[in-house]
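Count along the sequence shown from 1, then add 7; that gives the number in my numbering. Glycine included, every Cβ here is placed at the ideal spot set by N, Cα and C. Read the structure below first, then the notes.
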Amino acid sequence: WMKNIAVQAAASPIISHVVRTPVRINSSNLSLLFSSLDFRNIRVENPKNFKDRVMADISKIFIKIDIPSLFKGNVRIRKLTLDIEEIIIVKNAQGRLNIEVLKPPAKAGGRPQKSSENKKIPLHIDLFSLSIRHVLYKDYFDGGAPKVQVFEIGLQDRQFTNIEDMNAVVGLIIIETFT
């Protein structure tokens, strides 16, 4: 019980760092026997300059880790499962989108730079499974009440293999949201 609280407390700032906005985890389960982490009811919050508080509601993040890889100085994730109930894309009164915070910071030359975390520890994800139920779009640009549109995505267990960067995971989520 206490290990799960500790994992939850440690994971929230790490995930927040990866997505560059606050993340709240409601529950977690660490299984040393199965080398897995299971997070439930995750809320990704919007940047402070947005009226709406929530950017995404995620029902589950499941991570199966290759423990021996950790002793070799890298992180190998055998399986990463992400079940997103809802993504809320917001355009604020200034015309900025909340999801812009998810883009990797640009380095000189205009190309995105990898996060410092990814430079320190090599990462490999064997299998990434993504589900997205629906997307809510709110447009506050014209002032007043937002224009709201709902898009049923219905993406179920779309699988990607051999991912080398957490920014690629974020990019795949954005691509799948808009296609």
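Delimiting residues of the beta strand (DSSP E) encompassing residue i
i	result
residue 63	61 to 72
residue 166	154 to 170
Residue environment, residue i, which counts as buried when at least 16 other CB atoms sit within 10 Å
i	result
residue 40	exposed
residue 109	buried
residue 38	exposed
residue 35	buried
residue 157	exposed
Between the CA atoms of residue j and residue i - distance to the nearest angstrom
i	j	result
residue 167	residue 137	8 Å
residue 152	residue 58	11 Å
residue 185	residue 160	9 Å
residue 141	residue 150	25 Å
residue 66	residue 164	14 Å
residue 88	residue 22	14 Å
residue 133	residue 147	40 Å
residue 177	residue 29	15 Å
residue 143	residue 42	35 Å
residue 18	residue 11	10 Å
Identity of the residue in the options nearest residue i by Cα
i	options	result
residue 85	159, 74, 93, 146	74
residue 154	162, 145, 160, 161	145
residue 111	90, 92, 181	181
residue 170	52, 18, 130	130
residue 62	139, 24, 96	96
residue 105	53, 91, 82	53
residue 93	24, 49, 45	49
residue 82	173, 103, 68	173
Residues bridged to residue i (per DSSP)
i	result
residue 148	In the DSSP output, where bridge partners are listed per residue, residue 148 has none listed.
residue 49	32, 65
residue 107	Beta-bridge pairing links residue 107 to no other residue.
residue 89	68, 137
residue 38	43
residue 143	95, 157
Endpoints, alpha helix (DSSP H) assigned at residue i
i	result
residue 99	Where residue 99 is concerned, there is no enclosing alpha helix (DSSP H), given that its DSSP letter is neither H nor E.
residue 10	9 to 26
residue 180	173 to 185
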